[in-house]
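Input: a single structure, listed below in structure tokens.
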Amino acid sequence: MQIFQTDLLCIGAGLAGERVAIEAADNGFSVICLSLVPARRSHSSAAQGGMQAALGNSAMGEGDSPDVHFADTVKGSDWGADQECARIFVDTAPIAMRQMAFWGVPWNRVVPGEATYYKGGKPFTAFEKPENEGLIHSRSFGGTAKWRTCYTSDGTGHAVLYTLDNRAAQMGVEVHDKTEAIALIHDGETCMGAIVRCLKTGELRAYLSRATLIATGGYGRIYRESTNAVICDGGGHIAALDTGVVPMGNPEAIQFHPTGIVPTDILVTEGCRGDGGTLLDVNQYRFMPDYEPDKAELASRDVVSRRMTEHMRKGLGVKSPYGDHLWLDIRHLGEKHITTKLREVQEICESFLGVDPVHQLIPVRPTQHYSMGGVRTNKDGAAYGLKGLYSAGEAACWDMHGFNRLGGNSLAETIVAGMHVGGKVVEFLSGTETVIKTECMRDAYRKQEDRIRALIHGTNGRENVYAVRNAMFDTIMKGAGIFRNGADLQESVDKLSEILVRARKVGLKSNGLGANQELAIALKIEGMVKLAQCVCYAALKRTESRGAHTREDFPERNDRDWLNRTLATWAKPEDVLPTLNYEPSTTVFEIPPGERGYGGGKIIPMDTPPKATPKGKKA
Amino acid sequence: MARMLKFNIFRYNPQDPNSVPHMQSFTIDETESMTLFIVLNRLREEQDPSLQFDFCCRAGICGACAMVVNGRPGLACHTKTKDLPDEITLMPLPIFKLVGDLSVDTGTWFRAMYKKIESWCHTKKVFDPTAQEERMDNAVAEAIYELDRCVECGCCVAACGTALMREDFLGATTLNRVARFMLDPRDERTEKEYFDIIGTDEGIFGCMGLLACQDVCPKYLPLQDVLGKLRKKMAFAAVNNFLPSFLKREINL
Ligand SMILES: Cc1cc2nc3c(=O)[nH]c(=O)nc-3n(C[C@H](O)[C@H](O)[C@H](O)COP(=O)(O)OP(=O)(O)OC[C@H]3O[C@@H](n4cnc5c(N)ncnc54)[C@H](O)[C@@H]3O)c2cc1C
Ligand code: SF4
Ligand code: SF4
Ligand code: FES
């Protein structure tokens with residue numbers, strides 16, 4: 204057994220993992236980051252839009268401040284956010300962006316004078332102040348009162364991740380890529396590292412660490428249709444759940460995007476609809492005005508996704524070898540507009556579909572996009588349940604997003620939370636000695652060795668891993684898709700319990716030698732089904748509609764009974780259901796619950812409304 | 008539609024003592040908007056679960072899926088079958104270490120590269136969290152980003168004659184990365200320091216200028232331009248290094 208030892212083990216080398224790593228390395232601690240792929244291929248590199256910080260340099264961002272950013276964020280969360288974390292986030296974001304500029308991110312900058320911008324397909328001009336020349340510029344993103352999204356052309360995530368990875372290399376952070384953490388080493392109280400499979404050789408290793416961070420990104424790949432990279436399959440969450448003591452916060456909070464292209468579910472921008480694109484059904488009929496007479500295609504992300512699903516459920520979707528879809532029509536915008544303002548969309552259509560959107564329709568369907576839930580942490584990023592375990596980024600439920608995260612807030616979260624949690628990890632490493640129990644490591648190692656052997660030899664059965672996965676895909680989408688209701692959810696929960704039993708009987712068809720990828724998925728399929736079950740079961744129990752969680756049978760947002768956060772743990776390995784507990788969404792109220800501002804819907808108010816508490820103080 | 012496609016795929020698992028390098032054929036029916044991402048996943052799920060290949064973003068953004076398709080390095084995720092003949096040969100990228108079948112280890116190669124050229128902004132300044140950001144001209148920021156767009160897919164390296172002949176050749180992607188930092192006003196390295204990194208046969212003077220690299224770059228980076236400018240600059244720096252200082256003063260270098 205190969206053993207590595209380090210102060211901090213970061214499971215994940217995306218923006219969140221590397222930002223925490225840098226903080227620790229900067230303070231003299233040794234750090235190893237693990238990643239399924241070279242760090243720079245992490246999913247963070249795919250974010251094109253940008254990240255939010257209230258710098259207020261641009262004309263349309265004038266008058267912005269952390270307070271305005273805070274209000275947008277809490278409102279966006281449908282009051283599901285932890286307001287203390289949201290406050291830390293908005294106050295730190297400007298510093299974090301400037302630091303990224305200092306390290307080398309080529310942010311777009313303010314060019315003084317008259318500038319032409321677009322809104323709803325129409326151009327307008329704004330005047331950029333000469334005194335702001337050369338400061339970080341910002342662009343528009345849905346759901347914000349001011350323009351505050353910092354960006355680098357159409358490659359923000361890419362530019363920021365490369366800069367951060369450079370900085371990590373400079374600070375001596377080690378990245379072990381093509382490695383996969385498959386279990387945590389712990390004794391039920393303290394986390395001491397992870398058991399890791401090398402994806403180059405298949406060899407099993409142990410990593411011992413004084414602090415461990417889960418920064419493995421989202422778990423979108425428990426859905427068949429997801430905008431997420433194929434590596435976003437919840438590996439970190441599975442390892443956390445398997446401890447039996449670390450809870451997932453709000454697993455049911457899943458965001459969908461209306462326009463993933465079919466078949467590969469790559470995102471085409473909301474700008475298509477913003478600029479005047481329409482949605483058509485199998486009869487090439489424009490259906491959105493029937494559902495949303497006022498806003499039609501311009502209703503918010505989650506509303507449009509819901510309507511599309513509703514329409515397809517009526518049998519009006521377009522059949523394809525990849526399942527039903529609808530059409531996005533931008534032909535009427537004209538060649539000039541498409542080849543200039545929507546160039547990226549045109550490129551995606553041509554490169555991945557062979558479709559020319561100037562003359563042809565684009566096949567689209569609502570697609571899983573973001574996981575608001577994750578490893579539940581306190582405001583320091585420390586996971587509930589195990590000492591020495593931390594989490595940050597999309598993997599975490601630090602919980603500034605509540606039930607619907609704002610565009611541009613997730614990328615910013617990775618850096619800002621990374622910076623903040625990094626500081627707390629440093630405090631922990633400076634002040635605590637962790638006793639590493641080698642018997643825990645040996646136990647954990649042996650358990651994984653046994654699992655691998657059983658999978659290769661088919662000791663537990665010969666279920667086909669892909670068949671099990673497909674069954675999971677069908678089931679989760681039926682129950683915990685865009686629209687949810689008690690009957691469908693109950694059916695999904697029952698089915699997932701059966702699928703879980705099948706997942707425990709998977710056996711390999713191939714020999715499992717070396718970097719075998721069938722083994723990789725076989726090792727995590729049981730965990731993926733458990734995650735799917737956490738989503739469905741928590742959604743079944745939450746009898747209200749909040750943010751992206753929409754119950755047809757409970758259309759109200761119910762602050763009286765549900766202004767709380769789900770905590771799902773997997774108490775015993777053989778269980779088929781998680782154990783659900785609840786805690787208040789926030790203990791600090793800078794803003795008491797109010798209207799969401801879009802999407803309508805009734806609200807059942809709290810019995811005793813909270814008093815506003817000043818910044819950062821506990822009620 | 009409804010073509011039957013034949014795929015000849017390189018197979019070898021270095022960790023399996025019984026495995027020998029060979030080509031294996033598969034057939035699959037073509038569907039609408041089919042890409043190599045869809046093909047390879049279907050082959051693994053329906054025909055041979057031991058097949059190894061890499062995808063990550065499957066959207067042409069991360070660079071994970073580079074392979075040699077009918078003799079040409081490119082990104083598999085945005086290669087559509089409808090642009091290919093009905094017989095298709097897939098090989099792993101050369102030069103990088105083989106992990107198995109179509110999967111190679113680009114991470115180790117690139118990490119060694121960016122340690123060698125110290126791929127970060129060198130500055131003596133210290134970040135001040137209370138200060139406003141330092142200003143930068145937007146045109147400069149955009150020019151830097153233009154070179155920063157490389158996704159480290161390795162296609163240019165795989166297509167490069169020099170890289171094939173000498174293992175220590177930095178390759179177009181590395182030289183491009185150096186050019187990015189030379190453009191960046193935040194990096195305080197001098198021309199002489201850059202010369203020490205790339206003013207050799209491992210660097211800019213090893214490049215034969217045939218530009219296979221630019222032809223295959225899926226991000227359409229202006230490699231030709233970058234390599235040309237670097238060569239000029241470094242040739243100049245070379246002369247500069249050898250001239251005695253009094254002469255330099257004389258000719259105002
Ligand atoms: C198409 C798309 C566009 C987006 N655009 C925007 C945008 O414009 N603005 C915005 O704010 N947000 C955007 N988002 C969301 C945002 O990109 C993500 O939330 C964010 O990048 C997540 O970063 P992260 O560091 O938490 O995780 P990631 O970047 O996903 O990194 C996860 C890391 O964990 C590693 N890993 C995973 N499992 C394991 C394991 N078991 N063992 C070892 N390593 C493991 C991976 O290899 C990787 O290094 C977008 C998302 C998508 C899908
Ligand atoms: S131009 Fe230079 S770097 Fe590009 S392929 Fe030719 S030798 Fe290689
Ligand atoms: S320069 Fe182009 S071909 Fe070379 S690694 Fe970068 S993106 Fe790939
Ligand atoms: S999978 Fe990311 S570029 Fe092809």
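Protein sequence lines, in the order shown, are assigned to chains E and F. Count along the first sequence from 1, add 203, and you get the number used in our numbering. Count along the second sequence from 1, add 7, and you get the number used in our numbering. Every residue gets a Cβ at the ideal spot worked out from N, C-alpha and C, and that includes glycine. From a predicted model like this one, the values you see are computed outputs, not experimental measurements.
- Think of a sphere of 8 Å around the beta carbon of residue 23 of chain F: the chain E residues whose beta carbon falls inside it are 714, 716 and 717, in chain order.
- Distance from the Cα of residue 163 of chain F is smallest, within the candidate group F:132, F:80 and F:240, for F:80.
- If you check each beta-carbon in the region 39 to 54 of chain F against every beta-carbon of chain E, the ones closer than 9 Å belong to 39, 40, 41, 42, 44, 45, 48, 51, 52 and 53.
- Listed along the chain, the chain F residues whose CB falls inside 8 Å of the CB of residue 721 of chain E are 51, 56 and 57.
- Leaving aside the five residues that flank residue 416 of chain E on each side, the residues in its chain whose CB is nearer than 6 Å to its CB run, in chain order, 213, 223 and 593.
- Residue 385 of chain E and residue 645 of chain E have their C-alpha atoms roughly 14 Å apart.
- Residue pairing for residue 104 of chain F: DSSP places it in a beta bridge opposite F:112.
- Taken from the Cβ of residue 123 of chain F, every heavy atom of ligand 3 lies 7 Å or farther away.
- Annotation: residue 262 of chain E to residue 46 of chain F spans about 48 Å, alpha carbon to alpha carbon.
- With a threshold of 8 Å between beta carbons, residue 241 of chain E makes contact with chain F.
- The residue among E:496, E:380 and E:375 with its C-alpha nearest the C-alpha of residue 217 of chain E is E:380.
- For residue 389 of chain E, the enclosing beta strand (DSSP E) starts and ends at 382 to 389.
- Residue-level contact by beta carbon holds for residue 381 of chain E and chain F, with a gap shorter than 8 Å.
- Assigned with DSSP and collapsed to three states, residue 279 of chain E falls in helix.
- Taking every protein chain shown into account, the CB of residue 206 of chain E has fewer than 16 other CB atoms within 10 angstroms, so this residue is exposed.
- Counting along the chain, no alpha helix (DSSP H) covers residue 464 of chain E; the unbroken beta strand (DSSP E) around it starts and ends at 457 to 464.
- 301, 302, 304, 305, 306, 307, 309, 310, 311, 312, 313 and 314: these are the residues of the region 301 to 315 of chain E whose beta carbon lies less than 8 Å from some beta carbon of chain F, given in chain order.
- Comparing C-alpha distances from residue 373 of chain E to each of F:42, F:129 and F:140 shows the shortest one belongs to F:129.
- Judged by DSSP in its simplified three-state form, residue 361 of chain E adopts helix.
- For residue 482 of chain E, the enclosing beta strand (DSSP E) covers residues 481 to 483.
- With the criterion set as a beta carbon lying under 8 Å from some beta carbon of chain E, the members of the region 9 to 23 of chain F are 20, 21, 22 and 23, in sequence order.
- Counting along the chain, residue 326 of chain E sits inside the beta strand (DSSP E) bounded by residues 325 to 331.
- Residue 763 of chain E and residue 739 of chain E have their C-alpha atoms some 22 Å from each other.
- Contacts between residue 143 of chain F and chain E, judged by CB atoms closer than 7 Å, involve 312 and 337 in chain order.
- With a threshold of 8 Å between beta carbons, residue 522 of chain E makes no contact with chain F.
- At least one beta carbon of chain F lies nearer than 8 Å to the beta carbon of residue 356 of chain E.
- In terms of side-chain proximity, the C-beta atom of residue 205 of chain E is found no nearer than 7 Å to any non-hydrogen atom of ligand 1.
- Boundaries of the alpha helix (DSSP H) around residue 509 of chain E: 504 to 514.
- Look at residue 515 of chain E: its beta carbon is at least 7 Å from all of the heavy atoms in ligand 2.
- Only those residues of the region 540 to 556 of chain E whose C-beta falls short of 7 Å from the nearest C-beta of chain F are listed: 554, 555 and 556.
- In this structure residue 260 of chain E is buried. Its beta-carbon is surrounded by 16 or more other beta-carbon atoms within 10 angstroms.
- Under the three-state reduction of DSSP, residue 426 of chain E is assigned to coil, being neither helix nor strand.
- The residue among E:687, E:799, E:729 and E:652 with its C-alpha nearest the C-alpha of residue 457 of chain E is E:687.
- Taking CB atoms only, residue 106 of chain F has a neighbour in chain E less than 8 Å away.
- Going by beta carbons, residue 761 of chain E and residue 785 of chain E fall outside the 8 Å limit.
- Cβ-Cβ distances below 7 Å link residue 615 of chain E to 254, 255, 256 and 296 in the same chain, with the five nearest sequence neighbours on each side left out; the list follows chain order.
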